[in-house]
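In the numbering used here, each number is its position in the sequence shown, counted from 1, plus 455.
Scroll down for the structure; my scribbles are underneath it.
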Amino acid sequence: MHSYNLIAPAKINLYLEIIGDRPDGYHELVMILQSIDLADEIELHSISDEIIRVHCNHPQVPTDKTNLVYRAAELMAKKFPEALAKHGGVDITVKKHIPVAAGLAGGSTNAAAVLVGIDLLWNLGLTQIEIEELGAMLGSDVPFCVAGGTVIATGRGEQLSPLPSLDHIYIVLAKYRSLEVSTAWAYKTYRQEFGNFYIRDTDNLAARAAAVHSGAIVKAILAKDTIAIAQKLHNDLEKVVLPAYPQVLQLRELFASQPDVIGTMMSGSGPSVFALCQSQQQAEQVKLQVRQAIPDEDLELFVTQTITHGIQIIRN
Ligand code: ATP
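Here you go:
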């Protein structure tokens with residue numbers, strides 16, 4: 456019997472712009488996604504029965520067919536029935552460290568790890584692109600999570616174009632445990648409020664995506680200019696989430712008032728808010744200040760940093 460242990464890192468959005476609607480009902484996006492070293496651990500074991508079993512240590516995460524890791528394993532079983540028959544089923548344990556429903560792609564990165572792990576477990580020899588294509592069937596953020604790093608993502612987030620990796624930018628991440636923002640609600644509300652400004656024709660959509668490719672934040676990333684990156688952070692979804700969630704707004708303002716914070720933004724559809732700092736020491740200091748200002752145990756605070764990779768295999 457084989458087993459694999461994998462590390463599944465979270466992501467933050469350095470940039471998220473909604474540029475239009477898509478015929479499939481999703482939004483046309485331009486995002487810059489960044490892997491961070493806050494990660495879940497995924498353990499995969501082959502089992503003789505042709506079944507999928509999921510265990511997880513987090514009370515908010517289901518272990519039934521609705522868990523994205525179950526869906527990832529089910530997809531592999533459907534695509535590769537002969538491998539399932541030959542190698543048997545899979546027992547999956549998810550050890551959560553990434554806050555759940557936080558805009559940090561927790562479920563997506565877990566699913567990416569299962570695709571990578573089953574490819575190894577069943578000796579399939581899939582390429583990165585093939586794994587990413589399978590990932591796109593599970594969710595828009597899954598393809599990015601496979602190789603991670605620093606990437607421009609367009610389309611609904613699944614079309615990836617790598618940027619030079621940013622490492623050792625220190626991050627303070629804040630999330631209220633009990634606060635969840637529905638991604639579907641955030642996008643629906645954005646459409647209601649700003650849909651009139653959407654770009655509707657294909658040429659102009661492509662031109663807008665190209666403008667971000669050659670825009671200020673990408674230039675700052677190419678130059679590895681951390682201060683300029685921090686000044687150009689952007690997330691359109693803040694326009695609907697911050698007014699509706701005063702706790703998220705308060706965190707965002709508190710981070711912005713800290714002298715050691717060089718930039719702050721909500722990640723994805725929230726409610727996580729992150730702050731960029733130039734050293735680990737400064738990040739620890741900011742975490743301390745925020746903790747003193749909001750001594751609420753419901754508020755989780757992490758010091759983390761940017762990393763250059765997605766899914767990693769740690770032991771087999
Ligand atoms: P994204 O940034 O991709 O929108 P997220 O960080 O906002 O994702 P997740 O942590 O993936 O959100 O969780 C969203 C919902 O999915 C949760 O309510 C949770 O119950 C469910 N879920 C299913 N599978 C998982 C998983 N493996 N890990 C975390 N949540 C999962």
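Glycine included, C-beta positions come from ideal geometry on N, C-alpha and C.
It should be emphasised that the depicted structure is a prediction, and the values quoted were computed from it without experimental measurement.
Tyr-642 and Lys-520 have their C-alpha atoms some 25 Å from each other. His-623 sits in coil when the DSSP states are folded into three classes, being neither helix nor strand. Here the alpha carbon of Thr-605 sits roughly 20 Å from the alpha carbon of Arg-663.
By the C-beta density criterion, Glu-648 is exposed, having fewer than 16 other C-beta atoms within 10 angstroms.
DSSP places Pro-598 in the helix class (H, G or I) of the three-state scheme.
In the three-state DSSP reduction, Phe-757 falls in the strand class (E or B). Using a Cβ distance threshold of 8 Å, Ala-463 and Ala-568 count as a contacting pair. In this structure, the ligand ATP has a non-hydrogen atom nearer than 7 Å to the beta-carbon of Gly-562.
When Cβ pairs closer than 8 Å are counted between the two stretches, the stretch 714-725 is seen to touch the stretch 735-753, the count reaching three or more.
Put simply, the stretch 564-583 touches the stretch 597-613. At least three CB pairs are less than 8 Å apart. When the beta-carbon positions are compared, Gly-544 and Ile-586 stay at least 8 Å from each other. Counting the other CB atoms within 10 Å of its CB gives Ile-682 a total below 16, which places it among the exposed residues. Straight-line spacing of the CA atoms in Pro-517 and Leu-523 works out to 9 Å. By the neighbour-count criterion, in which a residue is buried when 16 or more other Cβ atoms sit within 10 angstroms of its Cβ, Glu-708 is exposed. For Asp-546, the CB stays at least 7 Å from every heavy atom of the ligand ATP.
Taking a 10 Å sphere around the C-beta of Asn-512, we find fewer than 16 other C-beta atoms and assign the residue as exposed.
Counting along the chain, the unbroken alpha helix (DSSP H) around Asn-565 starts and ends at 561-576. Where Thr-681 is concerned, there is no enclosing beta strand (DSSP E), although the alpha helix (DSSP H) around it starts and stops at 681-686. Spanning the alpha carbons of Arg-746 and Leu-756 requires a straight line of approximately 8 Å.
Counting C-beta pairs with one atom in each stretch, the stretch 533-542 and the stretch 473-485 have fewer than three that are closer than 8 Å, which means they do not touch. Distance from Val-485 to Ile-474 at the Cβ level is roughly 6 Å; contact confirmed, criterion being Cβ atoms closer than 8 Å. Taking His-552 as the centre and dropping the five residues before and after it, the same chain places the C-beta of Leu-493, Ala-494, Asp-495 closer than 7 Å to its C-beta, in chain order. Look at Gly-604 here: in three-state DSSP terms it is coil, with no helix or strand label.
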